[in-house]
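**Student:** Structure in structure tokens, see below.
Number of protein chains: 2
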Amino acid sequence: MSKFPIPNHYPWFNPELDLFFARTVNMDPERIWRAWTEPELLKPWFCPKPWGVAECEIDLRPGGVFSTTMKSPEGMLVPNVGCFVEIVKNKKLVWTNTMGPGFRPVAPHAMTEGGQGAFQFTGMIFLEAVSEGTKYTAVVAHGTKEHREIHAQMGFEQGWGTALDQLLEFMRDK
Amino acid sequence: MSKFPIPNHYPWFNPELDLFFARTVNMDPERIWRAWTEPELLKPWFCPKPWGVAECEIDLRPGGVFSTTMKSPEGMLVPNVGCFVEIVKNKKLVWTNTMGPGFRPVAPHAMTEGGQGAFQFTGMIFLEAVSEGTKYTAVVAHGTKEHREIHAQMGFEQGWGTALDQLLEFMRDK
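Rendered as structure tokens:
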């Protein structure tokens, strides 16, 4: 498990429903923020290889679209469309797939039929400037234990760790 | 229908999925804002009489709870729990029942089993200071035409109009 205690950034944390990942990395928050909020900087690292990101759309405002289409090594496309809900530059980014652009609720059948992936979640990235660089904390909140479990089984901890490694490698000279 | 054109505050407006209500009222935005954001000021007007609000909880921050329990004349309680997603004091208030406190997704079965009401929505109130007082615009976004229709059939237009009348009456001397 991650070595940080439950994130104090997120007072609603519930270990039965949520997942989190935290690491202190040797990069400034501003650079990590750009990697998360500019499509051309996000695509190269967002999915653990050999998966990749075929398309990415970012409208960085509350209610603005956050859309990523993941691509498997065999070329299968997996779209995920959501929207941003809270944006604090260089510090906090919150988005969800329970709502699409304009905070529009995503119809439940769109979730279960796979259009939005297998589960609903709200993702949060917290960046905190520290002497070594950035304390990077990711929290993903789910509505049910089953959704948390699906996400954990998909390899949340390892996946987000690998993606962060890819981010650090890619952004080093950006 | 309301006499304003589609609200320019909400570029994502879709007449097939959304409802809106607009009126210019003789009250300042600050007073209307208080009526929407202080539980003891919300309860007296939020439901068209003879319905009322038995309980109200407001944590006015992004992800904070917005919970109202409506009470029928026969004493039936109808809870609705959501969270705030965007707060611009005296200007814009956005909340949803697709997520609960902490932006946590609401499990789909909780919606259909009636715990969260019959449909998902995101509600928005826009307040604009004008010479007569306030241009008051409410928009409700839905994920499906069916959800919009359920809401319209419940009497959205008349209900929100009556609630606004009650607000103006109650807040006049507050």
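Protein chains in written order, with the working numbering: chain C, 1 to 174; chain W, 1001 to 1174. Heads up, the beta-carbon is just placed ideally off N, CA and C, and yes, glycines get one too. These numbers come from a predicted model, not from an experiment.
1. What number of angstroms, rounded off, separates the C-alpha of L1168/W from the C-alpha of D1028/W?
2. Nearest to M1177/W by CA position, among V1053/W, E1074/W, E1055/W and F1046/W, is which residue?
3. Which whole-angstrom value describes the C-beta separation of G52/C and C83/C, a residue pair presumed to lie in contact below a C-beta threshold of 8 Å?
4. Mind checking whether W1033/W and K1071/W have CB atoms under 9 Å apart?
5. Quick one: Cα of F119/C to Cα of F66/C, how far?
6. Counting only beta-carbon atoms, is E1057/W nearer than 9 Å to chain C?
7. Identify whether Q1166/W lies in helix, strand or coil by the three-state DSSP scheme.
8. Please specify which runs of the beta strand (DSSP E), each continuous and at least 3 residues long, are wholly inside the region 1016 to 1096 of chain W, giving them in chain order.
9. If you compare alpha carbons, which of G1102/W, F1021/W, F1121/W and Q1158/W is closest to T1137/W?
10. Strictly below 9 Å CB to CB, what residues from chain C border Q1158/W?
11. Is the beta carbon of W95/C sitting closer than 9 Å to the one on T122/C?
12. Which residues does DSSP pair with P105/C in a beta bridge?
13. Going along chain C in order, which residues have a C-beta closer than 8 Å to the C-beta of H1142/W?
14. Using a Cβ-Cβ cut-off of 7 Å (strictly less than) and excluding sequence neighbours within five positions of P1039/W, which residues of its own chain qualify?
15. In this structure, what does DSSP give as the bridge partners for G1123/W?
16. Can you find a C-beta in chain W that's less than 9 Å from the C-beta of V81/C?
17. Select from the region 117 to 132 of chain C all residues with a C-beta closer than 7 Å to any C-beta belonging to chain W, and list them in chain order.
18. Using the Cα positions of F156/C and P79/C, report the straight-line distance between them to the nearest angstrom.
19. With a threshold of 16 other CB atoms inside 10 Å of the CB of D1173/W, please say whether the residue is buried or exposed.
20. One question on the structure: do T134/C and T37/C come within less than 9 Å of each other, judged by their Cβ atoms?
21. Taking C-beta pairs closer than 9 Å, name the residues in chain W that L17/C reaches, listed in chain order.
**Tutor:** Considering the structure as presented:
1. 10 Å
2. Nothing can be reported for residue 1177/W, as the shown portion of chain W is limited to 1001 through 1174.
3. That belief does not hold up - the Cβ atoms of G52/C and C83/C are roughly 23 Å apart, past 8 Å.
4. no
5. 16 Å
6. no
7. helix
8. 1018 to 1025, 1052 to 1058, 1065 to 1071, 1077 to 1088 and 1092 to 1096
9. The residue with the shortest Cα to Cα distance from T1137/W is F1021/W.
10. Residues of chain C passing the Cβ test: none, with the nearest at roughly 23 Å.
11. Their beta carbons are under 9 Å apart, which means W95/C touches T122/C by this criterion.
12. M99/C
13. R104 and P105
14. C1056, E1057 and I1058
15. According to DSSP, G1123/W bridges with W1095/W and V1140/W.
16. no
17. Q120, F121 and T122
18. 18 Å
19. exposed
20. no
21. Against L17/C, the close residues of chain W are R1104, in the order they occur along the chain (beta-carbon pairs closer than 9 Å).
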